[in-house]
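Chains as they are written, first to last, in our numbering: chain P, 1243 to 1566; chain V, 1243 to 1566.
Where a beta carbon is used, it is the ideal one built from N, C-alpha and C, also for glycine.
It should be emphasised that the depicted structure is a prediction, and the values quoted were computed from it without experimental measurement.
Here is the structure:
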């Protein structure tokens, strides 16, 4: 078993990431294929099978090299049955039996989990978590997702809706509308989209000046990256936006930590590439809102695996099954 | 094993509750002794041993009837080692080896857990949780405590500080000081003490009138129970306080549910005896702040076991060990 590989798959609406990964979590080979979601997604798993066989051929290996296939999928997953409850972007009907379909296509033992949860498992295994068995990941991308790991396992929740950290309310009254139907969710102020919205709110004020303002005039828009870059350069308006984002992230992460006291809370996703300027600012508010015994023991950290977190976490699902 | 008993113990600073409990969670016999915390607490476990032997004698039984002893203790506990890290009220020095001491005194297999966690386990086993394996308990007493159960086990946290739900921040700025050193914690607005504080804040206003005001004039003080009783009678000021308490409890429970999506969140402790007037009001805010898939699946309920939750949860610790 020690020289065999696990296939880790991170399934997205447009691109599918694949990797051969050792039982120690080393990525031997990784590549991408486009996701063909036509005809109700009927080609998705067979394309994956084809891609795996071609790559094995290229590498002079056979299927005997593979221990199983783990997949992160973009939607709520029932882990026990391997069903994806709802995946509009992939063409599948509701309650698609993804694990079964993968096993039929590939003749490999399969396991399926929500993609945000896979990213959390990846960070636990090989990233910022560094083996921590109690870990919470907050993924700051176009939206805000999350994964909660306790005793080394993902918490699913009774309806598969655990880890909806992006929909924790941070502004109880008169918050901005969220895609989920509520208002004032963390996602409305800490996603890339939310950060731009906050910045635009400030920039629309007649008296606004500075570098971020100049970027808006020049490009006709600003990005979340612009906000962090100009804040780093000392732009006051950008620093004010950064402060607001950090306040909300510190509030939420501290309150999660007061509830779960995990070893680590990891900030990942595109927004987390802002790096220490974001982390340090979030840490200040975390310290303000965390209970003393929690403040001393739960660490905030940046994710370290980037795009590899998903395939690694997916592979971990199989490793975990084999170890049971 | 089926006709044997487990000893459940709920250790308090002044009173120790004991019960003989079947493997099915039926309380066969329960009684109390006073806690003697003199001489650095050196009599506590031997007094428990004595009390058990006397009761066995009274009931015409011998120690062979007993499967083990589980205890809930008022302080942070390291479950693996059975050490109580800190228990000022009991006279013990820091890091007292409670499990070891219990086993030495009683010659029974012992297990020790924090008392708020035991109450949560009791509610899971025989109370409002009704067997739910994912459950959060919020205990609203003089302070506010909590216990988080995932996959049937208590989440301890890296420093034993998981479940500090009373110290979740609900008022980020200019909140009232909390005993923990922070400000604006849930405990400052949802404990019995906090509710009285909120009520007194309203009653001090010159224009205040009504039944609660009359009780203050008559008794020189009001209690949390007075607030709920007069709110039930339609007193506007009391209803305003109830609304504020419920808003904060709804906000916190919804955000916990957005993170964990447990089957149930159970409100217990003395304040929860207010009953439906509190529960219904909290449910309204919970619905406002919970993510849709969470709102549909996580239930809010009142605790049902009262003072028996602790001894039942303590006994469950032994049952769980025997089943492993």
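- Assigned with DSSP and collapsed to three states, residue 1285 of chain V falls in coil, not helix or strand.
- Residue 1553 of chain P is not a Cβ neighbour of residue 1368 of chain P, given a cutoff of 8 Å.
- For residue 1502 of chain P, a Cβ of chain V is located within less than 8 Å of the residue's own Cβ.
- The region 1428-1448 of chain P makes contact with the region 1479-1495 of chain P: 3 or more CB pairs, one atom from each, lie closer than 8 Å.
- Listed in chain order, the beta strand (DSSP E) elements of length 3 or more contained wholly in the region 1327-1385 of chain V are 1352-1356, 1377-1382.
- Apart from sequence neighbours up to five positions away, the residues of its chain that approach residue 1278 of chain V with a beta-carbon distance below 8 Å are 1285, 1286, 1289, ordered along the chain.
- Going by DSSP, residue 1276 of chain P is part of the beta strand (DSSP E) stretching over 1269-1276.
- A check of alpha carbon separations from residue 1250 of chain P across P/1564, P/1563, P/1550, P/1566 identifies P/1550 as the nearest.
- Around the beta carbon of residue 1316 of chain P, 16 or more other beta carbons lie within 10 angstroms, which makes this residue buried.
- About 14 Å separates the beta carbon of residue 1459 of chain P from that of residue 1441 of chain P, a gap too long to meet the 8 Å contact definition.
- Considered as a whole, the region 1535-1561 of chain P harbours 1541-1544 as its complete beta strand (DSSP E) runs of no fewer than 3 residues, in chain order.
- Nearest to residue 1246 of chain V by alpha-carbon distance, out of V/1497, V/1414, V/1266, is V/1266.
- By the rule that beta-carbons nearer than 8 Å mark a contact, residue 1256 of chain V does not touch chain P.
- At a cut-off of 8 Å between beta carbons, residue 1403 of chain V contacts chain P.
- Under a criterion of Cβ atoms nearer than 9 Å, the residues of chain V adjacent to residue 1376 of chain P are, in order, 1397, 1398, 1399, 1400, 1404.
- Close CB contacts of residue 1323 of chain V within its chain, under the 8 Å cut and outside five residues either way in sequence, are with 1339, 1341 (chain order).
- Listed in chain order, the beta strand (DSSP E) elements of length 3 or more contained wholly in the region 1289-1319 of chain V are 1308-1315.
- Taken through DSSP and simplified to helix, strand or coil, residue 1261 of chain V comes out as strand.
- Going by C-alpha positions, residue 1446 of chain V is about 26 Å away from residue 1514 of chain V.
- Per DSSP, residue 1464 of chain P lies in no beta strand (DSSP E) and is assigned neither H nor E.
- Residues of chain P with a Cβ closer than 9 Å to the Cβ of residue 1329 of chain V do not exist, since the nearest Cβ in that chain sits about 15 Å away.
- Ranked by Cα distance from residue 1403 of chain P, the options V/1314, V/1501, V/1412, V/1508 are led by V/1501.
- Pairing residue 1399 of chain P with residue 1559 of chain P gives a Cβ-Cβ distance that is not under 8 Å.
- Non-local beta-carbon contacts of residue 1547 of chain V in its own chain, meaning distances under 7 Å to residues more than five positions away in sequence, involve 1364, 1365, 1368, 1369, 1554 in chain order.
- Around the beta carbon of residue 1336 of chain V, fewer than 16 other beta carbons sit within 10 angstroms, so the residue counts as exposed.
- Between the beta-carbon of residue 1542 of chain V and that of residue 1507 of chain V there is about 5 Å, and that keeps the pair under the 8 Å contact cut.
- Looking only at P/1467, P/1421, P/1393, the smallest Cα-Cα distance to residue 1406 of chain P is reached by P/1421.
- Within chain P, the residues 1533, 1534 have their CB atoms less than 8 Å from the CB of residue 1422 of chain V, given in chain order.
- For residue 1325 of chain V, the three-state secondary structure derived from DSSP is strand.
- The alpha carbon of residue 1319 of chain V has as its nearest neighbour, out of V/1257, V/1371, V/1389, V/1349, the alpha carbon of V/1389.
- The region 1529-1540 of chain V makes no contact with the region 1340-1359 of chain V: fewer than 3 CB pairs, one atom from each, lie closer than 8 Å.
- In the DSSP annotation of this structure, the continuous segment of the beta strand (DSSP E) that includes residue 1510 of chain P starts and ends at 1506-1510.
- Using a Cβ-Cβ cut-off of 8 Å, residue 1390 of chain P counts as an interface residue toward chain V, since at least one Cβ of chain V sits closer than that to its own.
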